[in-house]
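Student: Just so you know, the sequence shown maps onto residues 353 to 539 in our numbering.
All C-beta atoms in this analysis are idealised placements derived from N, C-alpha and C, irrespective of residue type, glycine included.
Below is the structure I would like to discuss, written out as structure tokens.
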Amino acid sequence: MEQLELRFELIAGDWEDLARWISSEQWPFHLRTQPTFDDVLEQAGRGNFASEEVRSFWVLQTPGPAAGFLRIFDIGDVTPLFDLRVRRSDRGQGVGTAALRWATSHVFETLHEANRFAGYTRHDNVAMRRVFERCGFTPEAHHREAWRTDSGELVDCVGYAILRREWEETVEASTPAASKCPDERAT
353 MEQLELRFEL IAGDWEDLAR WISSEQWPFH LRTQPTFDDV LEQAGRGNFA SEEVRSFWVL
413 QTPGPAAGFL RIFDIGDVTP LFDLRVRRSD RGQGVGTAAL RWATSHVFET LHEANRFAGY
473 TRHDNVAMRR VFERCGFTPE AHHREAWRTD SGELVDCVGY AILRREWEET VEASTPAASK
533 CPDERAT
């Protein structure tokens, strides 16, 4: 698979663009599978996308339009959480995995009080569960009938998390050996 070139841009008040983007897609594994433009603007007005506890980012392809939306919330807690949405046409191409890896690094590099980074998904969202696993997250919880659907039905959800020390071990393991040893002649 070819390497994705993604960049992440903080969303700072352009709520109409976000409302258009979210309302133009279906989100089968979210509470509201087809939120309206006004629904998203209302959420923005309540601070759901930007506040002291929330940061939102566009997941942008180089070149190309926004492939996704990433929201990190509860950022003052020891366990920040996230919401990730990938545009239907970009699903299955590694965008979710790349975005979660970036989000994990962002959390642990900028939120020094964070010891864990976690997320939840419906039990039947197999693609997202694979993303969690590819990114080193461990399944920690299975909540029975805890996720409400548009129709009011309750379905199971699962929780995943990664610890700061696990992320640090992964970063260290991916560092080339030459860069770990400042003086290769010493060996």
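Taking only runs of the beta strand (DSSP E) that begin and end inside the stretch 384-443, which ones reach a length of at least 3 residues, in chain order?
Tutor: 406-413, 418-425, 433-438
Student: What ranges does the alpha helix (DSSP H) occupy inside the stretch 477-511, keeping only unbroken runs of at least 4 residues that lie completely in it?
Tutor: 478-486
Student: For a test of the three-state rule: what should DSSP assign to glutamate 542, helix, strand or coil?
Tutor: The chain is shown only over 353 to 539; residue 542 falls outside these bounds and no answer can be derived.
Student: Roughly how many whole angstroms lie between the Cα atoms of phenylalanine 484 and glutamine 445?
Tutor: Residue 484 sits at position 132 when you count from the first residue of the sequence shown. Residue 445 sits at position 93 when you count from the first residue of the sequence shown. Whole-angstrom Cα-Cα distance: 15 Å.
Student: Are valine 507 and asparagine 467 touching if we call contact CB-CB under 8 Å?
Tutor: Residue 507 sits at position 155 when you count from the first residue of the sequence shown. Residue 467 sits at position 115 when you count from the first residue of the sequence shown. No, Cβ-Cβ distance for valine 507 and asparagine 467 is not below 8 Å.
Student: Is the separation between the beta-carbon of isoleucine 363 and that of serine 408 shorter than 8 Å?
Tutor: What you label residue 363 is simply residue 11 of the sequence shown in a count that begins at 1. What you label residue 408 is simply residue 56 of the sequence shown in a count that begins at 1. It is a contact, given that the beta carbons lie within the stated cut-off.
Student: If the criterion is Cβ atoms closer than 8 Å, does the pair arginine 440 and glycine 420 meet it?
Tutor: Reading the sequence shown from its first residue, position 88 is the one you call residue 440. Reading the sequence shown from its first residue, position 68 is the one you call residue 420. Contact: no.
Student: Cutting at 8 Å between CB atoms, please list the residues of its own chain near glutamate 357, excluding the five before and the five after it.
Tutor: Locating residue 357 in the sequence shown gives position 5, where the first residue counts as 1. Closer than 8 Å at Cβ, skipping near neighbours: Gln413, Thr414.
Student: Could you pull out every residue in the same chain whose Cβ sits closer than 7 Å to the Cβ of glutamate 377, ignoring the five residues on either side in sequence?
Tutor: For the purposes of this step, residue 377 is taken as residue 25 along the sequence shown, with counting starting at 1. Same-chain partners within the cutoff: Arg439, Arg440.
Student: Out of curiosity, what's the CA-to-CA distance linking alanine 513 and leucine 452?
Tutor: Counting from 1 along the sequence shown, the entry for residue 513 is found at position 161. Counting from 1 along the sequence shown, the entry for residue 452 is found at position 100. Going from the Cα of alanine 513 to the Cα of leucine 452 covers about 12 Å.
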